[in-house]
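Chains as they are written, first to last, in the numbering used here: chain A, 1 to 155; chain B, 156 to 481.
Glycine included, every Cβ here is placed at the ideal spot set by N, Cα and C.
Nothing here was measured: the structure is a model prediction, and the numbers come from that model.
Quick notes on the structure that follows.
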Ligand SMILES: Cc1cc2nc3c(=O)[nH]c(=O)nc-3n(C[C@H](O)[C@H](O)[C@H](O)COP(=O)(O)OP(=O)(O)OC[C@H]3O[C@@H](n4cnc5c(N)ncnc54)[C@H](O)[C@@H]3O)c2cc1C
Ligand code: FES
Ligand code: FES
C-alpha cells in the first residue's frame with residue numbers, strides 16, 4: 001500500500017504518495033528530478049548517492065524514501081546559495097578535485113559533514129573521513145587538497 | 156525487490172504487536188543498511204517491515220547505577236562519539252569507530268549491528284546461510300579466504316559480521332529482548348549462536364522479538380579492541396580482538412578475550428582468559444596469550460593467514476588495554 005510522505009528537500013517541503021520499496025535515491029532522481037546524487041554501485045559501497053538527512057551524510061541507495069518522512073534532506077543541489085558556490089564546492093573547483101565528476105556530489109556532501117564536525121582536519125582525518133566514497137579518476141590527492149583548501153577558507 | 160507492507164509504530168508495545176512468528180512474516184527495520192541490501196538481492200523478502208526509528212524509547216545512550224544503557228536504535232555514530240563510552244569502554248568506542256564509513260555509522264544502529272546477517276558471499280548469493288546445497292559445502296570446496304578459522308567443525312563456516320558483538324561480550328553486556336508476551340534478558344555471549352541447520356539463525360532472537368536495550372555494567376576493567384583490516388575502507392575486518400581485564404595492581408586477576416570475524420559467532424578465547432589470570436602483563440605474556448587464543452584454530456584451505464592476524468589482534472589489544480587508563 002502506498003504511503004504519504006512529507007519531506008523537506010533543500011529547504012522546500014514536498015508531499016508524495018510512494019510505494020514503501022521506493023529507494024530515497026530513486027525518489028530524489030525520478031520523482032523530484034534531482035539528478036545531482038548519482039547511482040554508482042547501488043550496494044552502499046561507492047558513496048556517489050550520498051545526501052544529508054537531518055544534517056548527517058547517508059547513502060540514499062540503501063534507504064527507503066519512507067524512512068525520510070518528516071526529515072530534512074539536503075542534496076548537492078541545495079548547497080549553493082544565491083548563485084554562490086558553497087565553500088566546499090568552490091574548493092573542489094579551484095583544486096581540481098574532480099575529473100569526470102561522477103563521485104563529486106557524494107564527495108562534497110561527505111566532506112561537508114567532515115568539516116562541520118572537524119573544521120581543521122589532518123590529511124589522515126580527511127582520508128579516513130572519506131573512506132565511504134570512491135573515486136575512479138583523481139587518485140584522491142586533489143580531493144584531499146580540496147578539503148584542506150575548504151578548511152583553510154572556512155577559517 | 157518484493158513489495159512489502161510498511162508499519163511505522165511509535166511505541167515498543169505497538170511494534171512487537173506487528174512482528175510475526177516466522178521470519179518471512181515481518182522484519183524489524185532499523186537503519187536498513189543491511190536489511191535493504193538483502194531485500195534488493197531477494198535473499199530475504201519479508202511481507203512487512205516494522206520501522207523502529209520513530210520509537211523514542213529505543214534511542215539514546217545514558218548511564219545509571221546499573222551501567223551504560225544503549226538504546227537498540229541508537230546509531231553506531233552516537234556510540235562512537237559518546238564521551239561516556241570513550242571514557243569507560245574504549246574497546247566499545249574503538250569497535251564502533253571501526254565500522255566502515257561515516258555514512259554507515261550515521262544510519263546503522265547498535266541493534267542492527269548485532270543482528271546483521273553474515274557477509275558470506277555464498278549466503279548473499281542465495282545459497283543459504285550454511286551454503287550447502289545438496290549437502291555439499293560450497294565453502295570447504297570453494298572460495299573461503301574470509302571464512303571461519305574457529306568453531307567451523309559443523310556446517311556453519313561463515314563469520315559473524317558484528318564489530319560490536321565481541322566488545323560487548325568481553326564487557327559482560329546484557330541484551331533485553333521484548334515480545335508481545337513479555338521480555339527476557341540474554342547475556343551477550345548467549346545472544347550469538349552457531350546454527351547447525353539451514354533456516355535457523357546465528358542469533359538467539361526469535362521472529363516475534365525486538366531487541367530493545369543493551370546494558371553494559373560499569374566493570375572497572377581495562378579494555379581495548381584491535382582490528383586487522385585488509386584496507387581502511389569499505390570492508391569488514393579480517394580479524395579483531397576485544398579484551399577486558401580486571402587488574403589488581405599490575406597483575407591480571409581475570410581476563411576476557413573475544414575474537415571477531417574468525418568464527419560463526421564472536422569467539423570467546425577462554426584458553427587465553429585462563430592463561431592470563433594471575434599473570435603480570437608483559438609483551439611476552441601477551442604473545443603467549445595470543446598463541447593460546449588460537450590454539451584450537453582449524454583453518455580452511457585458503458585462510459590459514461587469518462590465524463596469525465588474529466594472534467596479532469589479541470596481542471595488540473592486550474597491550475593497548477594494559478596501557479589504557481583503568
Ligand atoms: C560498506 C559497509 C561496510 C560495513 N562495515 C562494517 C564493519 O566494519 N563492522 C560491522 O560491524 N559492520 C559493518 N557494516 C554493517 C553495518 O554495521 C550494519 O549494516 C548496520 O549496523 C546495521 O544496522 P541497521 O540499523 O542499518 O540495521 P538494519 O539493516 O535495519 O537491520 C539489520 C538486521 O537486524 C534486524 N534488526 C535491526 N534492529 C533490530 C532490533 N532492534 N531488534 C530486532 N532485530 C533488529 C533487522 O530485522 C535486520 O535483520 C558495514 C556495512 C556496509 C554496507
Ligand atoms: S550508489 Fe549508493 S553507495 Fe554506491
Ligand atoms: S572524478 Fe570521476 S569518479 Fe571521481
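Residues whose Cβ lies closer than 6 angstroms to any heavy atom of ligand 2, listed in chain order: A:39, A:40, A:41, A:42, A:44, A:45, A:46, A:47, A:48, A:49, A:59, A:61.
Fully enclosed beta strand (DSSP E) runs of no fewer than 3 residues occupy 72-74 of the region 58-108 of chain A, in order along the chain. Between residue 210 (chain B) and residue 476 (chain B), the alpha-carbon positions lie close to 36 angstroms from each other. Between the region 322-338 of chain B and the region 286-298 of chain B, the count of Cβ pairs shorter than 8 angstroms is below three; the stretches do not touch.
In chain order, the residues that have a beta carbon nearer than 5 angstroms to some heavy atom of ligand 3 are A:98, A:99, A:100, A:102, A:103, A:135, A:136, A:137. With the criterion set as a beta carbon lying under 7 angstroms from some beta carbon of chain B, the members of the region 55-84 of chain A are 56, 57, 58, 59, 62, 63, 64, 66, 67, in sequence order. The beta carbon of residue 161 (chain B) falls within 8 angstroms of a beta carbon belonging to chain A, placing the residue at that interface.
With respect to chain A, the C-beta atom of residue 191 (chain B) has a partner C-beta closer than 8 angstroms. Counting only runs of 4 or more residues that sit fully inside the region 273-331 of chain B, the alpha helix (DSSP H) segments are 319-325, in chain order. Put simply, the backbone Cα of residue 36 (chain A) is about 20 angstroms away from that of residue 95 (chain A). At least one CB atom of chain A sits nearer than 8 angstroms to the CB of residue 188 (chain B). Per the DSSP secondary-structure output, residue 373 (chain B) pairs with nothing in a beta bridge. Taking the Cβ of residue 262 (chain B) as the reference point, at least one heavy atom of ligand 1 falls within a distance shorter than 7 angstroms. In terms of Cβ geometry, residue 143 (chain A) and residue 107 (chain A) form a close pair [threshold 8 angstroms]. DSSP lists B:397 as the bridge partner or partners of residue 380 (chain B). Taking a cut-off of 8 angstroms for Cβ pairs, the region 128-143 of chain A and the region 42-53 of chain A touch, as three or more such pairs fall below it. In this structure, residue 393 (chain B) keeps its C-beta atom at 8 angstroms or more from the C-beta atom of residue 410 (chain B). For the region 20-31 of chain A, the residues whose beta carbon sits under 7 angstroms from a beta carbon of chain B are, in order, 20, 21.
Below the 7 angstroms Cβ cutoff, chain B contributes 160 as neighbours of residue 1 (chain A), in chain order. Ranked by how close their Cα comes to the Cα of residue 256 (chain B), the residues A:50, A:148, A:70, A:116 have A:50 in first place. In the DSSP assignment, residue 347 (chain B) is bridged to B:358.
C-alpha of residue 297 (chain B) to C-alpha of residue 1 (chain A): approximately 42 angstroms in a straight line. Across the structure, residue 441 (chain B) and residue 474 (chain B) are spaced so that their CA atoms are roughly 7 angstroms apart. For residue 5 (chain A), not one C-beta of chain B is nearer than 8 angstroms to its own C-beta.
Taking C-beta separations shorter than 8 angstroms and ignoring five residues to either side along the sequence, the partners of residue 105 (chain A) in its chain run 36, 37, 38, 48, 50, 75, 76, following chain order. Taking residue 250 (chain B) as the centre and dropping the five residues before and after it, the same chain places the C-beta of 318, 319, 322, 380 closer than 6 angstroms to its C-beta, in chain order.
Look at residue 197 (chain B) here: in three-state DSSP terms it is coil, with no helix or strand label. When the five nearest sequence neighbours on each side are left out, the beta carbons in the same chain lying within less than 6 angstroms of the beta carbon of residue 179 (chain B) are those of 201, in order along the chain.
With a threshold of 7 angstroms, the Cβ atom of residue 272 (chain B) counts as near ligand 1, since some heavy atom of the ligand is closer than that. Residue 159 (chain B) and residue 461 (chain B) have their alpha carbons spaced roughly 40 angstroms apart. For residue 389 (chain B), at least one C-beta of chain A is nearer than 8 angstroms to its own C-beta. Look at residue 256 (chain B): its beta carbon is less than 7 angstroms from one of the heavy atoms in ligand 1. In the structure shown, residue 38 (chain A) falls within a coil segment according to DSSP collapsed to helix, strand and coil.
Comparing C-alpha distances from residue 145 (chain A) to each of A:16, A:111, A:155, A:136 shows the shortest one belongs to A:111. Among the CB atoms of chain A, one or more fall inside 8 angstroms of the CB of residue 258 (chain B). Counted as a single uninterrupted DSSP element, the beta strand (DSSP E) harbouring residue 13 (chain A) occupies residues 12-18.
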